[in-house]
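Sequence order for the protein chains is D and S.
Using our numbering, read the first sequence as starting at 871 and increasing by one per residue.
Using our numbering, read the second sequence as starting at 871 and increasing by one per residue.
Glycine is no exception: its CB is placed at the ideal position from the N, C-alpha and C atoms.
Number of protein chains: 2
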Amino acid sequence: MPASEEVVIDAPLVESALESLAQYGAYGATGVWRTAYSPEWQEAQDAVARLCEEAGMAVRRDAVGNVWGRLAGREDGPVIASGSHIDSQTPGGRFDGVLGVVGAVLAARALRERYGRPTRTIEVCSLCEEEASRFPSASFWGSRAITGRITPEDVEKVLDFQGVSIGDAMRDAGLDPTLISSAHRNDIDAWIELHIEQGPRLEDARLPVGIVSAISGIRHYIVDLAGRSDHAGARPMEGRLDAVAGAAEMVTALINVALELGPPAVTTVGRVAVVPNLASAVAEKVTFTLDSRHPDPKTQESMHAQQETTMREIAEKRGLGISWSIPLALEPCVCDPDLVKILEHAASKQEIPFMTMHSGAVHDTQNMARIARVAMIFVRSKDGRSHTPEEFTSTADAVAGIRVLASAMYAMAY
Amino acid sequence: MPASEEVVIDAPLVESALESLAQYGAYGATGVWRTAYSPEWQEAQDAVARLCEEAGMAVRRDAVGNVWGRLAGREDGPVIASGSHIDSQTPGGRFDGVLGVVGAVLAARALRERYGRPTRTIEVCSLCEEEASRFPSASFWGSRAITGRITPEDVEKVLDFQGVSIGDAMRDAGLDPTLISSAHRNDIDAWIELHIEQGPRLEDARLPVGIVSAISGIRHYIVDLAGRSDHAGARPMEGRLDAVAGAAEMVTALINVALELGPPAVTTVGRVAVVPNLASAVAEKVTFTLDSRHPDPKTQESMHAQQETTMREIAEKRGLGISWSIPLALEPCVCDPDLVKILEHAASKQEIPFMTMHSGAVHDTQNMARIARVAMIFVRSKDGRSHTPEEFTSTADAVAGIRVLASAMYAMAY
């Protein structure tokens, strides 16, 4: 591709592909409710397969139901791959995940139509169960299969909110869970995921595109605080072991750790449960979640350490029992510097305004980094919203992101 | 009763009456689960009626099912009354409420057996639905009927947790809700309620008995905080409208208002609900309860005002929406000074160690104060516990409280 030339992406085609996928599991006027292995999810994966075929790609489904489209290269060797997921929050919007699948297919299509068969093989992938909105402990199920991180026990142990095992859900969708290990790939050189931003930074900066150089590490803590239930009137303040009062002090202190570190540190307490949860009873127990993220590995470590110390000190001071579990812990994922440069160059030469940024949200790309060089492209989200039917990305911004992806694919595969 | 003489209360009789009432709705080894108008509650009221008959009293049930026992005096005129309730928390213990019913009956019995017919009429009462453990908006149903504070609409509007109206529950128990107004009394001179303390102050002071000179006023607020839900990773800290963070700051500040006022001010946030209540989402909404109490009318007013200001200021500073309702508001109830003196004298002359104190818990007595002079007697609770199967008061302490009650009844009615 000469430096003066641009990749042309057909905007109406982008729009119609997004529209058509939004019909499977449509929720209200603009929302989607499409959980992994549900009938609407299966239909949507079939629609992705058709989209790949229309793009001139060979299509296959792997053992967990990831849909792969392949544009075979003239030469053997590791693959240049791109994709995202089509399962949604409950409800979610029509862009989160889907844009990265549609973008990968249409980028490959545009390249094939204009430049024919690539030198190196290009693959696109529609991954399964990123959101964990049906199976709470199965986030990244599709990329876990690709990276060989599912054990045979997971198949029966991972349950949805109704108690259905993910193995049964797979069988209902015509898949054979005993074959999961066959989904493991070791032949991917580079993985690029296009995704909506899910935050407001691009909008704040008035930029359509972000090149992601790192994805925040994350820890989820589930914290149990044990106090003593007492009568809210008859027990004087002195001597109370009030778990809500303790949790309140902790929430403020934990958030302060992130505020004092400054951006891009973030800390959120999003879930709180109180026992006995009565207006007239001092709380005996509070369980709350702590979500803490940073893209720099060292800072992340020290942030977690500070927050753990803070919680222990407050519990100690108040005579409250404290314990926690850490159901989710991901290291920060530093993207491949060469891939980041290729993406920056792809944007620059097409005069697409962009900034290089980190991702505060987690993505399948963090798993793919175990087997491939990775990077991501973000496009601007209206009001920084996601995980809601209101999420919105303009077609112009979507096209800008796909052009960066296509141009980078061209640079690597042609 | 000559000054040197003591009222003798039969300790084994107290113990066996408490034991026998604990069988109706028994829950585990020491608990009780006995909600208003349930079959077990009806059986327990029948048992109270038998206890009154055995004490030589005339028994009647009023329109809401309060059981009244009457020891008619030689002279006409307003009545000296005592009682409490036998409905329980779910589960509760065997002392909360029941002790005041058993104590009133056995005090009257001891007086009748020793001194015969009183000059003035003595009545005892087993009130219905104090705890609101079945009908959340029907606390003090029995004393509300006696004080004429039930409207005909309440009968169908007040629902239990299963949606059964209190009118239907009354009809199932053989009562006619159209007759409620007949339960209204205007002929009670003095009302004394014996009750377990429900807090640790008597135990801390190593005293068996407390004479209650005031009952705290109480307000329950239900506070709604409105923020904005955001992605816990992708939304930077700056610009968040985090309802949990706001609630945490408020809880600490609200509790500080009570701490700074000092005893006997108490403030409790006992119930918290978060929307959407997800680990990875900044909270859009938090609803929490605020329970705030003080026995001094002026201080109570200024405490509520300070707390309201605090909440508004924090919401304003954080850009959160705030609104609240006040489903429960009771003025402090200052007990009748003459009755308090009679009780203090009754304790002193029997050499029963006591202190004069306020009640932080609410009681039917607050309603009875609308039609009669009132006071209360507390007895020591082990570890200050109540509203739990573990609540415990020794027979010796129970007897000490009943002796104070009987001696005061003697002073007023003989």
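Spatially closest choice to residue i from the options, by CA coordinates
| i | options | result |
| --- | --- | --- |
| W938 of chain S | S:R944, S:G926 and S:D946 | S:G926 |
| V934 of chain D | D:D966, D:F1010 and D:V902 | D:F1010 |
| R1076 of chain D | D:M1225, D:F1158, D:G963 and D:K1027 | D:M1225 |
| A1153 of chain D | D:A1175, D:Y1280, D:L1095 and D:D1208 | D:L1095 |
| H1090 of chain D | D:I1081, D:G1109, D:V1139 and D:I1247 | D:V1139 |
| L1200 of chain D | D:E1171, D:A1151 and D:K1187 | D:E1171 |
| I1020 of chain S | S:C995, S:I1036, S:D957 and S:P1259 | S:I1036 |
| E1183 of chain D | D:D1030, D:S890, D:R920 and D:A1123 | D:A1123 |
| S1086 of chain D | D:R1110, D:I1050 and D:Q1236 | D:Q1236 |
| Q1176 of chain S | S:P1133, S:K1219, S:M1120 and S:H1215 | S:M1120 |
| E1001 of chain S | S:W911, S:A978 and S:P1022 | S:W911 |
| R904 of chain D | D:A942, D:E924 and D:I956 | D:I956 |
| G1033 of chain S | S:P1006, S:A914 and S:R979 | S:P1006 |
| R1004 of chain S | S:K1187, S:S908 and S:A919 | S:S908 |
| M1238 of chain D | D:E1178, D:E1063 and D:I1125 | D:E1063 |
| S1052 of chain D | D:A1104, D:H1215, D:G1132 and D:R931 | D:R931 |
| T1157 of chain S | S:N1147, S:R1163 and S:D1030 | S:N1147 |
| A1216 of chain D | D:A1242, D:V1274 and D:E1178 | D:V1274 |
| K1168 of chain S | S:I1050, S:E1026, S:I1088 and S:A1266 | S:I1088 |
| Q1220 of chain D | D:Y1284, D:S1277 and D:P1022 | D:S1277 |
| S1195 of chain D | D:G967, D:D1161 and D:R1188 | D:D1161 |
| F1031 of chain D | D:A906, D:I1125 and D:N1126 | D:A906 |
| R1163 of chain S | D:A1128, D:D1267, D:P1106 and D:A1266 | D:P1106 |
| R944 of chain S | S:A1185, S:A914 and S:G986 | S:G986 |
| D1074 of chain D | S:G1109, S:S886, S:A1008 and S:S1099 | S:G1109 |
| D1046 of chain S | S:N936, S:A1008 and S:I1192 | S:N936 |
Beta-carbon gap between residue i and residue j smaller than 8 Å
| i | j | result |
| --- | --- | --- |
| E1067 of chain S | S1264 of chain S | no |
| V1079 of chain S | G1271 of chain S | yes |
| G1254 of chain D | G1069 of chain D | yes |
| G1012 of chain D | E999 of chain D | yes |
| L976 of chain D | L888 of chain D | no |
| I1212 of chain D | M1282 of chain D | yes |
| L883 of chain S | Y1280 of chain S | no |
| A1149 of chain S | R1141 of chain D | yes |
| A1245 of chain D | L1209 of chain D | yes |
| D1059 of chain D | V949 of chain D | yes |
| Y997 of chain D | G1044 of chain D | One detail in the question is off: residue 997 of chain D reads as Leu in this sequence, not Tyr. Result no, Cβ atoms of L997 of chain D and G1044 of chain D do not sit closer than 8 Å. |
| A942 of chain D | T991 of chain D | yes |
| W1061 of chain S | A951 of chain S | yes |
| H1101 of chain D | H1228 of chain S | no |
| L1029 of chain S | L1111 of chain S | no |
| H1302 of chain D | H1233 of chain D | Shown here, chain D extends from 871 to 1284; a query on residue 1302 of chain D therefore has no answer. |
| E1261 of chain S | F965 of chain S | yes |
| T1159 of chain S | I1092 of chain S | yes |
| T922 of chain D | V878 of chain D | It is worth fixing the name first, because residue 922 of chain D is Cys in this sequence and not Thr. No, they are not a contact pair. |
| V1136 of chain D | G1103 of chain S | yes |
| V918 of chain S | V971 of chain S | yes |
| R1055 of chain D | I1241 of chain D | yes |
| V1082 of chain D | F1248 of chain D | yes |
| A881 of chain D | V1269 of chain D | yes |
| A1115 of chain S | I1125 of chain D | yes |
| A1084 of chain S | P1165 of chain S | yes |
Beta bridge counterpart(s) of residue i as assigned by DSSP
| i | result |
| --- | --- |
| P1061 of chain D | The sequence as given places Trp at residue 1061 of chain D; Pro does not occur at that position. For W1061 of chain D, which the question treats as bridged, DSSP gives the partners D:A951 and D:V1244. |
| S996 of chain D | D:V937 and D:S954 |
| K1155 of chain D | D:A1096 and D:V1145 |
| Y897 of chain S | S:G901 |
| G1254 of chain D | Answer is none; G1254 of chain D lacks a bridge partner. |
| H1090 of chain S | S:D1161 and S:L1198 |
> Counting Cβ pairs, one atom from each stretch, are 3 or more of them under 8 Å apart for the region 955-966 of chain S and the region 887-905 of chain S?
Replying inline: In short, these stretches touch, since the Cβ pair count reaches three.
> Which residues, in order along the region 1099-1116 of chain D, keep a beta-carbon less than 9 Å from a beta-carbon of chain S?
Replying inline: Among the residues of the region 1099-1116 of chain D, those with a Cβ less than 9 Å away from any Cβ of chain S are S1099, D1100, H1101, A1102, G1103, A1104, R1105, P1106, M1107, E1108, G1109, R1110, D1112, V1114 and A1115, in the order of the chain.
> Which of the residues in the region 1120-1133 of chain D, read from start to end, lie with their CB under 7 Å from any CB of chain S?
Replying inline: Listed in chain order, the positions of the region 1120-1133 of chain D with a beta carbon within less than 7 Å of a beta carbon of chain S are V1121, T1122, I1125, A1128, L1129 and P1133.
> Listed in chain order, which residues of the region 1141-1152 of chain S have Cβ atoms closer than 9 Å to some Cβ of chain D?
Replying inline: Hits within the stretch, in order: R1141, V1142, A1143, V1144, P1146, N1147, L1148, A1149, S1150, A1151 and V1152.
>> Give me the subset of the region 1070-1089 of chain D whose CB atoms are less than 8 Å from a CB atom of chain S, sorted by chain position.
In response: Correct list: P1070, R1071, S1086 and I1088.
> Closer than 9 Å, Cβ to any Cβ of chain S: which residues of the region 1250-1274 of chain D, in chain order?
Replying inline: Along the region 1250-1274 of chain D, going in chain order, the ones with a CB nearer than 9 Å to a CB of chain S are S1251, G1254, R1255, S1256, H1257 and T1258.
> Taking Cβ-Cβ distances below 7 Å as the criterion, which residues of the region 1150-1172 of chain S are in contact with chain D?
Replying inline: Residues S1150, A1151, V1152, A1153, T1159, D1161 and R1163.
> Between the region 1201-1231 of chain S and chain D, which residues of the former have CB atoms less than 8 Å from a CB of the latter, in chain order?
Replying inline: Hits within the stretch, in order: S1229, G1230 and A1231.
>> Residues of the region 1054-1069 of chain D in Cβ contact with chain S at a cutoff of 9 Å, in chain order, please.
In response: Hits within the stretch, in order: E1067, Q1068 and G1069.
> Taking Cβ-Cβ distances below 7 Å as the criterion, which residues of the region 1014-1035 of chain S are in contact with chain D?
Replying inline: Contact residues of the region 1014-1035 of chain S toward chain D are absent (C-beta to C-beta distance below 7 Å).
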